[in-house]
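Below is one structure; the comments refer to it alone.
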Amino acid sequence: AESGETLNIKHAYRDPRFSKNFDKVTGFKTRSVLAVAVVNLKGEILGVIQLLNKQLQWNISDMGSEHFTGNDCAIVETFAAELASVLSKHTSQLQVMKSIADAHSEDYKRRRA
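Count the sequence shown with the working numbering and you get residues 91 to 203, in order.
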């Protein structure tokens with residue numbers, strides 16, 4: 091997902107991009123991975139949402155799959171887009187607040203000098 095592309099890995103241990111180190115250290119057994127980039131409107135990757143080991147469910151949309159489906163990808167991609175929007179707005183607000191604080195700080199330093 092570092093490239094911005096969604097990764098849907100059905101068999102983690104068969105995929106050369108998958109590192110077994112985490113599993114070795116923790117004793118966890120990764121079977122499937124869904125990784126979706128959180129990308130802002132500028133195309134910058136802010137982070138990655140990663141889901142591991144889809145739980146087996148028996149319903150019409152999943153057909154008993156232990157792998158992440160296209161529907162799962164769509165849901166997580168939608169969530170990632172919303173998250174990117176919120177993070178971008180929050181980051182912009184923090185930058186404005188920092189600019190105001192810096193200006194006040196400089197003004198205060200000038201008055202004391």
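We put the CB at the ideal spot given by N, CA and C, even for glycine.
Item, Value
"Three-way DSSP call (helix, strand, coil) for N130 in this model", "coil"
"Best match in V129, N111, Y198, E95 for proximity to S175 [C-alpha to C-alpha]", "V129"
"Beta-carbon gap between T120 and N98 smaller than 8 Å", "no"
"Same chain, Cβ closer than 7 Å to T168, neighbours up to 5 away in sequence not counted", "none"
"N- and C-terminal bounds of the alpha helix (DSSP H) containing N111", "111–116"
"Beta-carbon proximity check, A102 vs I139, cutoff 8 Å", "no"
"Cβ neighbours of E156 in the same chain (closer than 7 Å, five flanking residues each side left out)", "R121, S122, K144, L146"
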